[in-house]
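Engineer: One structure, as structure tokens, below. Some questions next.
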Amino acid sequence: MGMKIGLALGLGVGYVLGTRAGRERYEKIKAAAHKLREQPFVSRPLDNAGQRVSEAVRTGGERVTDKVADAVKERLFGTPTSTYEYVDVEVEEE
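The numbering of the sequence shown is our numbering, which starts it at -19 and goes up by one.
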């Protein structure tokens, strides 16, 4: 179903860009595309996809920020130690 909608939208865009139909025909096509976008079977998947893309960009951006910060720290201060080693020390009193 999604492939058919994409194909129809692609054909509509191609028609508008590929012909000299005039302003009136362009406005009709634009109005039809707007009506189609408002239909629940079209708007829900598009909205969900937009949310998933936003979420992916956000998490990807966080990962990039972390990697850049680690690279800067390593460049400025050397290789970071990721583990701590605890040493048990006994002190002898005289």
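The beta carbon of each residue, even a glycine, is placed where N, CA and C say it ideally should be.
Just reading off the alpha helix (DSSP H) that Val37 is part of, what are its end residues?
Structural biologist: Counting along the chain, the alpha helix (DSSP H) containing Val37 begins and ends at Pro20 to Phe57.
Engineer: By DSSP, does Glu4 sit in helix, in strand, or in coil?
Structural biologist: helix
Engineer: With DSSP as the reference, label Tyr(-5) as helix, strand or coil.
Structural biologist: helix
Engineer: Going straight from the alpha carbon of Val44 to that of Asp27, what length do you get?
Structural biologist: Looking at the two C-alpha atoms, the distance is approximately 26 Å.
Engineer: Could you work out which residue in Asp68, Ile9 and Gly2 is closest to Lys(-11) when comparing CA atoms only?
Structural biologist: Correcting the residue type first, residue -11 is Leu in the shown sequence and not Lys. The option with the nearest alpha carbon to Leu(-11) is Ile9.
Engineer: Quick test of your reading: Ser23 and Arg17, contact by CB under 8 Å. State the CB separation rounded to the nearest angstrom.
Structural biologist: 6 Å
Engineer: Excluding the five sequence neighbours on either side, which residues of its own chain have a C-beta within less than 8 Å of the C-beta of Ala13, listed in chain order?
Structural biologist: Leu(-11) and Gly(-8)
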